[in-house]
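Accompanying notes for the structure given below.
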Ligand code: SAH
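Residue numbers (our numbering): 15 to 333.
Following this line, the structure appears as structure tokens:
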């Protein structure tokens, strides 16, 4: 999967070198390219924001600079057979971008694109036709914003199927709306919120999404089954959160591991885990429990929900 991230703070993405996502990048499962938005601002201060129309506090990100940046990142691929687009590292082929990255001190830092200066020509190391065949034609664009549709495990699963994602990180009061309008005509554009709170910028939201998406890619997690058992996972965990987990020793500071987990009886263990998932969901996430699909509940589930005085049928919940 290819991920392009445009931001005025590329250094925010250093964590993408670490752990599961870092390994996925090393293996080539994930090809992450971080771009400095200001590289497409041409005034002396490299300005990316301006005062809002209609007045009020704060600043809004300028459409021109975003347009140039996005065109450059998607540009060469959008033109059949490649094409030389200033500011794009696309014409260097999939590995060429890495070669031009500025590694941070000791650890290999996130890739920050360095646009080709006006008038200079980057040497093409890969035939344009090969580049075109390696890269999907256009990315799906994700714009983090508190006003977007909620990010969820389901959306993470959907995005994990995409070959190419482009994240546009807003700052200040956000990006001029015409940018999303403009690209909606050419790309699939989703405005996405990671929760009902307001961050200072889209960078952390993108880190959250990239981690949630990246761990779903084939081969990233050691055990593919763990994704299926996760909280919110489509399937048997839909609208459920996972129950408590334990490891050795069997007794720690007087606290015992539930006996069923030591029994070796797989059926009983599975039942216990589901019961605990239901209990926790009712306790911590009643709105999710209310959305449980009655058709997917067995007799035992329904009895437990009754004991917990929680009716699954929506009309009961509404009462
Ligand atoms: N005035 C805006 C908030 C701007 S916050 C409003 O009230 O909706 C600045 C930037 O932070 C946003 O453009 C977005 O990129 C990011 N951001 C803040 N909260 C976010 C959230 N909950 N989910 C995703 N992105 C968020």
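By construction, the Cβ of each residue, glycine as well, lies at the ideal position given by its N, Cα and C atoms.
Residue interval of the alpha helix (DSSP H) (run including residue i)
i	result
residue 163	Taken as a continuous stretch (DSSP letters only), residue 163 belongs to no alpha helix (DSSP H), being part of the beta strand (DSSP E) at 154-164.
residue 314	313-321
residue 202	Neither: residue 202 is in no alpha helix (DSSP H) and is coded neither H nor E.
residue 178	First-last for residue 178: 178-182, but that is the beta strand (DSSP E), not the alpha helix (DSSP H).
residue 35	33-41
residue 363	No answer is possible for residue 363: it lies beyond the span of the chain, which begins at 15 and ends at 333.
residue 173	167-173
Near the ligand SAH: residue i beta-carbon under 8 Å from a heavy atom
i	result
residue 285	no
residue 271	no
residue 24	no
residue 185	yes
residue 159	yes
residue 212	yes
residue 292	no
residue 69	no
residue 83	no
residue 174	no
residue 193	no
residue 166	no
residue 206	yes
residue 219	yes
Simplified DSSP state of residue i, which is helix, strand or coil
i	result
residue 215	strand
residue 306	coil
residue 28	helix
residue 187	coil
residue 95	With a pLDDT of 41 at residue 95, under the threshold of 50, the modelled position of that residue is not reliable, and no figure is offered here.
residue 82	helix
residue 220	helix
Where the beta strand (DSSP E) through residue i begins and ends
i	result
residue 50	45-50
residue 21	16-21
Close Cβ partners of residue i (< 6 Å) along its chain, the five nearest in sequence each way excluded
i	result
residue 83	20, 51, 54
residue 226	170
residue 182	20, 157
residue 23	217
Cβ shell of residue i (< 8 Å), same chain only, five flanking positions each side left out
i	result
residue 176	15, 153, 154
residue 230	170, 171, 174, 241
residue 285	314
residue 214	185
residue 333	Because residue 333 sits at a pLDDT of 41, beneath the cut-off of 50, its placement in the model cannot be relied upon, and the point is left open.
residue 222	165, 208
residue 272	260, 286
Can we say the stretch 58-66 touches the stretch 26-39, given the rule of at least three CB pairs closer than 8 Å? Contact fails: fewer than three Cβ-Cβ distances are below 8 Å.
Is the stretch 235-248 touching the stretch 188-205, taking contact as three or more C-beta pairs under 8 Å? no
How do the stretch 246-255 and the stretch 200-213 stand: do at least 3 beta-carbon pairs fall below 8 Å, yes or no? no
Between the stretch 286-298 and the stretch 254-267, can you find at least three pairs of beta-carbon atoms closer than 8 Å? yes
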